[in-house]
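**Student:** One structure coming up, written as structure tokens, with questions to follow.
Protein chains: 2
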Amino acid sequence: MIATLGIVNIQIMGIKVSMTQQITPQQKPRKERKENADRRRQQLIQATLKSIATNGLAKTTLATVANEAGLSQGVAVFYFKSKTGLLSGALHDHYAGYLANWTEALSKVGNDPLDKLIALIEADFSPKICNPESLSVWFAFWGEQKFTPQYAEVSAEFDIPRAKAMYDVCVELMPDEPQEKVAQIADWIDTLTDGYWQRIHLSPKTVRRKASAREALEMVARLLPEHSERLAARI
Amino acid sequence: MIATLGIVNIQIMGIKVSMTQQITPQQKPRKERKENADRRRQQLIQATLKSIATNGLAKTTLATVANEAGLSQGVAVFYFKSKTGLLSGALHDHYAGYLANWTEALSKVGNDPLDKLIALIEADFSPKICNPESLSVWFAFWGEQKFTPQYAEVSAEFDIPRAKAMYDVCVELMPDEPQEKVAQIADWIDTLTDGYWQRIHLSPKTVRRKASAREALEMVARLLPEHSERLAARI
DNA sequence: AAATTTTGTTTGAGCGCTCAATAAAACTTT
DNA sequence: AAAGTTTTATTGAGCGCTCAAACAAAATTT
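Taken in sequence, the protein lines are chains C and L.
Be aware that the first sequence starts at 98, since it is given in the working numbering, and climbs by one per residue.
Be aware that the second sequence starts at 98, since it is given in the working numbering, and climbs by one per residue.
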């Protein structure tokens with residue numbers, strides 16, 4: 098009796114699709130051992146991020162990743178179908194860490210809008226987020242984002258809620274101001290942060306994390322004269 | 098009688114140097130084929146920038162460049178020693194265009210410091226500089242900058258004079274302010290511009306050139322209340 | 001000015017290599 | 001033993017780069 102369940106690779110219009118195919122009526126869905134699989138995936142993603150940070154995206158290969166993880170190349174392809182899948186997974190994970198950082202920072206302060214604003218800003222300059230390795234990863238992906246739509250999708254997924262959080266905090270802080278003015282200020286803050294990230298990435302020796310955070314807060318103090326005293330106390 | 102003036106190419110420590118050498122007192126201008134060489138180099142660099150803007154840096158190969166230029170791969174290696182040399186040349190050329198743009202903008206306005214400041218800012222948002230193709234090229238290189246020291250050298254070569262120009266203009270604008278305060282404001286302006294570039298690069302649909310230029314100028318108006326009326330008139 | 005030599009330019013085939021991906025075999029867990 | 005996991009070996013495409021030879025222009029000689 099031939100009762101097997103095989104994995105078949107088929108080429109459809111140039112796109113490789115892998116599907117579980119039933120050879121006999123009998124069903125038995127192929128299941129991976131989830132615990133182990135998740136561990137491996139995480140291990141491979143961490144290795145990928147490390148390789149990007151130390152070798153750059155251009156020189157990151159399945160070999161460098163596998164080597165960093167202490168595994169074989171084959172296992173990388175086994176858990177992520179392709180190199181692109183692995184890289185997208187790594188970018189997603191990197192953004193997830195960013196998201197976790199600012200949401201956690203928000204949750205650690207009370208309901209005071211100014212505290213929230215400061216928390217959001219300082220989260221972006223925290224050592225966990227704003228370090229050369231982490232920034233290298235982001236800029237590596239952003240450099241290729243226009244040519245790899247998958248990266249853009251991941252970016253949008255995480256950037257939108259983050260921008261909304263900043264806007265919401267600014268609304269709380271300036272309840273009587275017109276909506277557009279508030280949006281403008283929120284936008285300036287995030288844009289300035291992006292600029293600082295770029296400068297820290299390109300000139301880590303001259304532009305430093307802590308000084309940048311301070312300068313960003315000083316800028317906010319100028320934008321919000323009503324809160325400048327409280328801000329000055331925090332700077 | 099041998100009366101010629103020759104152009105001699107000498108290899109000094111791997112760097113090609115061309116110098117005019119006088120063989121006898123008598124002169125006879127010998128143009129050689131330098132004109133052709135420069136034309137070819139320019140042709141190849143333009144093809145490289147185009148390829149980076151349309152294919153990305155990762156998928157830019159000697160083949161894509163040669164194809165774009167309508168030449169053979171061999172000639173690309175002939176004029177630039179290596180692919181890296183070609184890419185560095187392209188980055189240098191790209192920065193040279195940036196330099197030419199802001200210096201020209203400065204030269205077109207009078208001696209009024211505020212006019213100069215506006216000219217500097219608007220130059221960074223001019224269509225010639227601040228368009229998706231151009232930004233793609235920069236971000237492509239910046240993504241790899243930490244792993245290709247040659248790129249960093251080129252960046253520094255052009256970034257330093259640009260930062261100095263902004264600082265000098267700010268000093269003229271605020272002659273009585275302390276130096277560090279002036280430096281801080283100049284820094285904020287350039288950092289904000291970097292941030293806008295990033296946003297335009299990553300979200301060209303939602304973040305637009307002209308609006309960003311306007312917002313940048315509005316921010317400057319807030320930073321320089323003494324000049325806000327004149328700035329408002331320009332916005 | 002024609003012929004010849006020298007020098008600079010361009011081509012295209014192809015070498016050596018690296019890479020992602022595949023396949024098969026070996027091993028581990030259930 | 002079956003299912004799941006991992007390693008090892010192999011494949012084939014594509015890469016940067018080399019090089020010999022063809023070609024073109026300029027310099028020199030005749």
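Each residue gets a CB set at the ideal place from its N, CA and C atoms; glycine is no exception.
Quick caveat: nothing in here was measured; it's all calculated off a predicted structure.
Give a yes or no on whether 8 angstroms exceeds the smallest Cβ distance from Q242 (chain L) to chain C.
**Tutor:** What you label residue 242 (chain L) is simply residue 145 of the second sequence in a count that begins at 1. By this cut-off, Q242 (chain L) is an interface position.
**Student:** Less than 8 angstroms between CB atoms is the rule here; does N152 (chain C) satisfy it with respect to chain L?
**Tutor:** Position 55 of the first sequence, counted from the first residue, corresponds to residue 152 (chain C). Taking Cβ atoms only, chain L reaches closer than 8 angstroms to N152 (chain C), which makes this a yes.
**Student:** Below 8 angstroms on C-beta distance, what does K156 (chain L) contact in chain C?
**Tutor:** Counted from its first residue, the second sequence places residue 156 (chain L) at position 59. Neighbours of K156 (chain L) on chain C, chain order: F244.
**Student:** Got a sec: is the Cβ-Cβ distance from L289 (chain C) to anything in chain L below 8 angstroms?
**Tutor:** In the first sequence, residue 289 (chain C) corresponds to position 192, counting from 1. Answer yes: the Cβ-Cβ gap between L289 (chain C) and chain L drops below 8 angstroms somewhere.
**Student:** If you follow the alpha helix (DSSP H) that E230 (chain C) is in, where does it begin and where does it stop?
**Tutor:** By 1-based counting over the first sequence, the position of residue 230 (chain C) is 133. Run containing E230 (chain C): 229-241, per the alpha helix (DSSP H) assignment.
**Student:** Mind checking whether S223 (chain L) and N198 (chain L) have CB atoms under 8 angstroms apart?
**Tutor:** As a position in the second sequence, residue 223 (chain L) is number 126, starting the count at 1. As a position in the second sequence, residue 198 (chain L) is number 101, starting the count at 1. In contact: S223 (chain L) and N198 (chain L) (Cβ atoms closer than 8 angstroms).
**Student:** So which residues on chain C does S233 (chain L) lean against when the C-beta distance must stay under 7 angstroms?
**Tutor:** Here the question's residue 233 (chain L) lines up with position 136 in the second sequence. What S233 (chain L) touches in chain C: K243.
**Student:** Identify which residue in C:I142, C:A280, C:H189, C:R137 has its Cα closest to the Cα of A260 (chain C).
**Tutor:** Position 163 of the first sequence holds residue 260 (chain C). With distances taken between Cα atoms, A260 (chain C) lies closest to C:A280.
**Student:** Residues in its own chain within less than 8 angstroms of M110 (chain L) by CB, not counting five upstream and five downstream?
**Tutor:** By one-based count along the second sequence, residue 110 (chain L) stands at place 13. Confidence at M110 (chain L) is low in this model, with a pLDDT of 31, below 50, so the placement of that residue should be treated as unreliable; the coordinate-derived value is given next. None.
**Student:** Going by the beta-carbon positions, is the gap between T158 (chain C) and T145 (chain C) smaller than 8 angstroms?
**Tutor:** Residue numbering aside, residue 158 (chain C) sits at position 61 when the first sequence is read from its first letter. Residue numbering aside, residue 145 (chain C) sits at position 48 when the first sequence is read from its first letter. In this structure, T145 (chain C) does not lie closer than 8 angstroms to T158 (chain C) by Cβ.
**Student:** Would you report the Cα separation of F255 (chain C) and A193 (chain C), rounded to the nearest angstrom?
**Tutor:** Taking the first residue of the first sequence as position 1, residue 255 (chain C) is located at position 158. Taking the first residue of the first sequence as position 1, residue 193 (chain C) is located at position 96. If I take the Cα positions, the gap works out to 8 angstroms.
**Student:** Give every residue of the same chain whose Cβ lies closer than 7 angstroms to the Cβ of S325 (chain C), excluding the five residues on either side of it in the sequence, and list them in chain order.
**Tutor:** As a working note, residue 325 (chain C) is residue 228 in the first sequence. So the qualifying residues of the chain are A318.
**Student:** Between the C-alpha atoms of A335 (chain L) and A249 (chain L), what's the straight-line distance to the nearest angstrom?
**Tutor:** Here chain L covers residues 98 to 332 and nothing more, so residue 335 (chain L) does not appear.
**Student:** Interface residues of chain L around M335 (chain C) at Cβ under 7 angstroms?
**Tutor:** Outside the displayed range of chain C (98 to 332) lies residue 335 (chain C), so it cannot be described from this structure.
**Student:** Assign Q276 (chain C) to one of two classes, buried (16 or more other C-beta atoms within 10 Å of its C-beta) or exposed (fewer than that).
**Tutor:** Against the first sequence, residue 276 (chain C) aligns to sequence position 179. Exposed.
**Student:** Could you check what DSSP says for I332 (chain L) in three-state terms: helix, strand or coil?
**Tutor:** Taking the second sequence and counting its residues from 1, the one referred to as residue 332 (chain L) is at position 235. Three-state result, I332 (chain L): coil.
**Student:** Rounded to a whole number of angstroms, what is the C-alpha to C-alpha distance between K164 (chain L) and D190 (chain L)?
**Tutor:** Looking up residue 164 (chain L) in the second sequence gives position 67. Looking up residue 190 (chain L) in the second sequence gives position 93. Per the sequence shown, the amino acid found at residue 164 (chain L) is Asn instead of Lys. Going from the Cα of N164 (chain L) to the Cα of D190 (chain L) covers about 20 angstroms.
**Student:** Three-state secondary structure (DSSP) at K213 (chain C)?
**Tutor:** Against the first sequence, residue 213 (chain C) aligns to sequence position 116. In this structure, K213 (chain C) counts as helix in the three-state DSSP scheme.
**Student:** Can you tell me the Cα-Cα spacing of C267 (chain L) and E312 (chain C), whole angstroms?
**Tutor:** On the second sequence, residue 267 (chain L) is found 170 positions in, with the first residue counted as 1. On the first sequence, residue 312 (chain C) is found 215 positions in, with the first residue counted as 1. Their backbone Cα atoms lie some 17 angstroms apart in a straight line.
**Student:** From the beta carbon of W199 (chain C), is the nearest beta carbon of chain L less than 8 angstroms away?
**Tutor:** Mapped onto the first sequence, residue 199 (chain C) falls at position 102. Taking Cβ atoms only, chain L never reaches closer than 8 angstroms to W199 (chain C), which makes this a no.
**Student:** With a threshold of 8 angstroms, are at least 3 pairs of Cβ atoms found where one atom belongs to the stretch 294-301 of chain C and the other to the stretch 234-254 of chain L?
**Tutor:** Verdict: yes, contact present.
**Student:** Just the Cα atoms here: how many angstroms apart are L320 (chain L) and I282 (chain L)?
**Tutor:** Position 223 of the second sequence, counting from 1, holds the residue named residue 320 (chain L). Position 185 of the second sequence, counting from 1, holds the residue named residue 282 (chain L). Cα to Cα, the separation comes out at about 7 angstroms.
**Student:** State the CB to CB distance for the pair G292 (chain L) and D291 (chain C), rounded to an integer number of angstroms; the pair is presumed to be in contact (CB under 8 angstroms).
**Tutor:** As a first step, residue 292 (chain L) must be located in the second sequence, where it is residue number 195. As a first step, residue 291 (chain C) must be located in the first sequence, where it is residue number 194. The Cβ separation is near 4 angstroms, so the contact holds.
**Student:** Name the chain L residues whose beta carbon is nearer than 7 angstroms to that of S252 (chain C)?
**Tutor:** Numbered from its first residue, the first sequence carries residue 252 (chain C) at position 155. Those within 7 angstroms of S252 (chain C) in chain L are L299.
**Student:** Between the stretch 204-218 of chain L and the stretch 161-175 of chain L, can you find at least three pairs of beta-carbon atoms closer than 8 angstroms?
**Tutor:** The stretch 161-175 of chain L is not in contact with the stretch 204-218 of chain L.
**Student:** Which ranges would you report for the alpha helix (DSSP H) in the stretch 177-211 of chain L if only whole runs of at least 4 residues count?
**Tutor:** Runs of the alpha helix (DSSP H) inside the stretch 177-211 of chain L: 180-205.
**Student:** Starting from the beta carbon of L270 (chain L), find every residue of chain C whose beta carbon is closer than 9 angstroms, and list them in chain order.
**Tutor:** Counted from its first residue, the second sequence places residue 270 (chain L) at position 173. Chain C residues near L270 (chain L): none, gap ~16 angstroms exceeds 9 angstroms.
**Student:** Going by DSSP in three states, A144 (chain C) sits in which element: helix, strand or coil?
**Tutor:** Sequence index remark: in the first sequence, residue 144 (chain C) carries index 47 (1-based). Residue state, collapsed to three classes: helix.
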